[in-house]
Structures are given as structure tokens and as C-alpha cells.
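Residue numbering for the sequence shown follows this note's numbering, beginning at 210 and increasing consecutively. We treat Cβ as the ideally placed atom computed from N, Cα and C, and that holds for glycine. Worksheet: one structure, shown below.
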Amino acid sequence: MRLVFLGPPGAGKGTQAEQLARDLKLPHISTGNILRQAIKVSTPTGLEAKSYVESGALVPFDIILRLVRDRVLQDDCRRGWILDGFPRNLDQAHALAALLVELKIAAPKVVYFQVRDEVLVRRLSGRRTCRNCQTPFHVEFSPPKSAGKCDRCGGTLDQRADDQEAAIRKRLVVYQTETVPLVAHYRSAGQLLTLSADGDPGQVSTELRSLLGIGVATS
Ligand code: AP5
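Written as C-alpha cells, this is what we have:
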């Protein structure tokens, strides 16, 4: 199974991708997580990407493409993957299509997370992310069992640099101008599945599985 998760910042793409990938034993490829990890350990890519990620701007095309290409060529991607956060504009969508043709892989289904703006802002401003494994929590909607600590690995929970108000505003503008055109693009290609993602995480997960024609969550 190959899926692309498309939607605004804070739509719940990472939350759903992480659980579905675990259940289906597929890699969850989040370009945001890969970039944040590269920034954390100060790789050359991380140093180059840092100012873009923290301000809410898109990282330059060449960096992202190299990163996605390297990741989907790894062995664990043979059975499929969930791409979360890529593609994010038409240039990236064309590059992904070309890469899949080169690899003789069929076009993926694209799940479009549809969420109201006021819901997004609440989700983003309350998000806390594990410094170690990047699992997302929410102070109100999905709090950790022990305050400030990741349920999965015990790591410390932080607020992401781009979840500050100015960066959230910028990300929403970038989403509207760069990413929204992908909805029409994938709809006209017959690849789009629209997910109503305003509900709580359990409701969204049930709806997602029904949209994809797969069984109930196991984790
Ligand atoms: P990225 O990490 O991809 O950020 P994003 O797309 O803005 O998405 P988010 O991670 O903010 O939201 P999400 O939809 O995953 O929501 P989540 O599940 O966490 O990208 C970050 C940056 O990296 C970009 O700005 C850019 O600089 C760069 N970048 C990445 N990809 C790039 C690319 N392709 N090209 C160029 N640059 C790129 O949920 C949010 C919160 O809500 C959490 O607290 C969660 O617990 C909570 N929550 C989730 N679902 C629900 C629910 N149903 N009900 C209540 N709360 C919920």
C-alpha cells in the first residue's frame, strides 16, 4: 500500500500516519520529522533547512527531493509507505510522479485531511512533541500519561519552534498558496480520497480505515 497524506498543518496527518503505519507495518515517511531530526543533530541538510523549518517556510526543492528519494529507495519501502508532508506543491508532485515511474511503482492514493481553520489553530497551539521519538501529544486532546514525558519512550515533550504564533500563521499562508492546488490536481487524476478530520483521533482513525477499506485499529 502506498499513501500520501495531504492537508493543512495540524490536521492530524502525523498522528494518523504513525498509528496506521504501525498497524500495517509500513514506514511512515514524514519529511517534517526527517528535517527536525537532521536539525537536531546538525547534519549539513539540517543546518541548511533550519531557518526555513523554524519560520514555517518550505525548504528548497532540491533538499526535499534528495531526502525523499534516498528514503523511498531504502529496503523497508519495498512493500509500501505512508508519505506525510510530501508532496507540498505542484513541483514536488511532478517530481514524485517521475520518481514512481522510474521505480515502476503505481501512483499512490492521496488522503486529503479536511479540517476547519479554528480546529487547526487549537491543535497546533496545544501540541507537544517528544524530543526523542517525535511522537505528537496534545495538552488537551491527547495528553501524555505522565506530564511532560513521552508515553512511548519516556523522552521530554517540547513545543515545536514552528508552533509559535507567527510561524503558525506563515505555515497556514504557505499551505493555502502552495499546497491547496494539489487537491484539484489529485482529484482530477482520480487519486484523491477526502477524509473529514474534524473529529477526535479515534473517530478520524475509524473514518480513515473505512475510506481505505481496511479493518479496525489494533494499537
Ligand atoms: P511538517 O512536520 O510536515 O508539518 P505540517 O505539515 O505543518 O504538519 P504538522 O506536523 O504541523 O501537523 P499534522 O497534520 O501532522 O498534525 P499532528 O498529527 O501533529 O513540516 C514542518 C516544516 O518542515 C514545514 O513547515 C517546512 O518548513 C518543512 N517541510 C516539511 N515537508 C516539506 C516539503 N515537502 N517541502 C518543503 N518543506 C517541507 O496533530 C497536531 C496536534 O493535534 C497534535 O498535538 C495532536 O496530538 C493533535 N491531534 C491530532 N489529531 C487530532 C484529533 N483528531 N483531534 C484532536 N487533536 C488531534
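Query: If we count Cβ pairs, one from each stretch, closer than 8 Å, do we get three or more for the segment 371 to 385 versus the segment 257 to 269?; Result: yes
Query: Could I get the ranges of all uninterrupted beta strand (DSSP E) runs contained in the segment 280 to 333, with 3 residues as the minimum, in chain order?; Result: 290 to 293 and 318 to 323
Query: Over the uninterrupted alpha helix (DSSP H) stretch that includes residue 420, give me the two end residues.; Result: 410 to 421
Query: Answer with buried or exposed for residue 248, where buried requires no fewer than 16 other C-beta atoms within 10 angstroms of its C-beta.; Result: buried
Query: State yes or no: is the C-beta of residue 273 nearer than 7 Å to some heavy atom of ligand 1?; Result: yes
Query: With a CB to CB cut of under 7 Å and the five nearest residues on each side skipped, what residues in its chain are close to residue 273?; Result: 240, 295 and 301
Query: Expressed to the nearest angstrom, what Euclidean distance is found between the alpha-carbon atoms of residue 223 and residue 321?; Result: 13 Å
Query: Using three-state DSSP, classify residue 371 as helix, strand or coil.; Result: helix
Query: Ignore the nearest five residues each way along the sequence and tell me which others in residue 255's own chain have a CB closer than 6 Å to its CB.; Result: 247 and 248
Query: Of the choices 232, 395, 340 and 386, whose alpha-carbon is the least far from that of residue 242?; Result: 340
Query: Quick check: is any heavy atom of ligand 1 less than 7 Å from the C-beta of residue 222?; Result: yes
Query: Return the Cβ separation of residue 439 and residue 225 in integer angstroms, given the expectation that the two are a contact with Cβ distance under 8 Å.; Result: With the chain covering 210 to 428 only, the question about residue 439 has no answer from this structure.
Query: Below 8 Å between beta carbons: does that hold for residue 324 and residue 411?; Result: no
Query: Determine the extent of the beta strand (DSSP E) in which residue 336 is found, giving its start and end residues.; Result: 336 to 339
Query: Give the single residue among 359, 233 and 257 whose Cα lies nearest to the Cα of residue 290.; Result: 233
Query: What residue range is occupied by the uninterrupted beta strand (DSSP E) comprising residue 253?; Result: Where residue 253 is concerned, there is no enclosing beta strand (DSSP E), although the alpha helix (DSSP H) it sits in stretches over 253 to 264.
Query: When the Cα of residue 227 is compared with those of 316, 307, 352 and 346, which residue comes out closest?; Result: 346
Query: Give the DSSP-derived three-state secondary structure of residue 172 in the structure shown.; Result: The chain is shown only over 210 to 428; residue 172 falls outside these bounds and no answer can be derived.
Query: Mind checking whether the beta-carbon of residue 261 lies closer than 7 Å to any heavy atom of ligand 1?; Result: yes
Query: Over the uninterrupted beta strand (DSSP E) stretch that includes residue 211, give me the two end residues.; Result: 211 to 215
Query: Would you call residue 386 buried or exposed, if buried means 16 or more other Cβ atoms sit within 10 Å of its Cβ?; Result: exposed
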